[in-house]
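Just so we're aligned: 116 in the UniProt record's numbering is position 116 of the sequence shown, and the numbers increase by one with no gaps anywhere.
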Amino acid sequence: MDNRTPPDPLDDLEARLRKAREGQRGWSGGPGSKYHRPPQGPLATAWRIGTELVAAMIVGVGGGLLLDRWLGTAPWGLIVMFFLGAAAGVLNVYRAVTGFGIAAGYRRPTGDDNERQDGDAH
1 MDNRTPPDPL
11 DDLEARLRKA
21 REGQRGWSGG
31 PGSKYHRPPQ
41 GPLATAWRIG
51 TELVAAMIVG
61 VGGGLLLDRW
71 LGTAPWGLIV
81 MFFLGAAAGV
91 LNVYRAVTGF
101 GIAAGYRRPT
111 GDDNERQDGD
121 AH
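Structure representation (structure tokens):
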């Protein structure tokens, strides 16, 4: 067993706060941050959009086939789930292109600081 006494929690409070604040700034993704990602090129964006659309449709068709097999309603589950998967794929593409899915509840700044944001008091 270790006989060392634990450090006083208030001894290095300022140093720990400074370290936490620096870590928080690092998550901003700015050019100096280790989490900074360069902007995607057109080919990367095209691959992402295609993958989003195809993946959603595959999940929809797979779910429809499983539903049809389970309920014995062929081909109705496949048809309905195909359209739901296609709609989900289009929504994913829209979010990817507009940057809407950056983080839950956040939008890119519009430039006008006087506009109300979601969650502001009325």
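Heads up, the beta-carbon is just placed ideally off N, CA and C, and yes, glycines get one too.
Asked                                                                                         : Found
Backbone secondary structure at T73 - three-state DSSP                                        : coil
Simplified DSSP assignment, three categories, for R18                                         : helix
Per-residue burial, G64 [other beta carbons within 10 Å of its own, 16 or more giving buried] : buried
Residue nearest to I79 in terms of C-alpha spacing, selected from I58, G41, T51               : I58
Where L66 falls: helix, strand or coil (DSSP)                                                 : helix
Under the three-state DSSP convention, the category G99 falls into                            : coil
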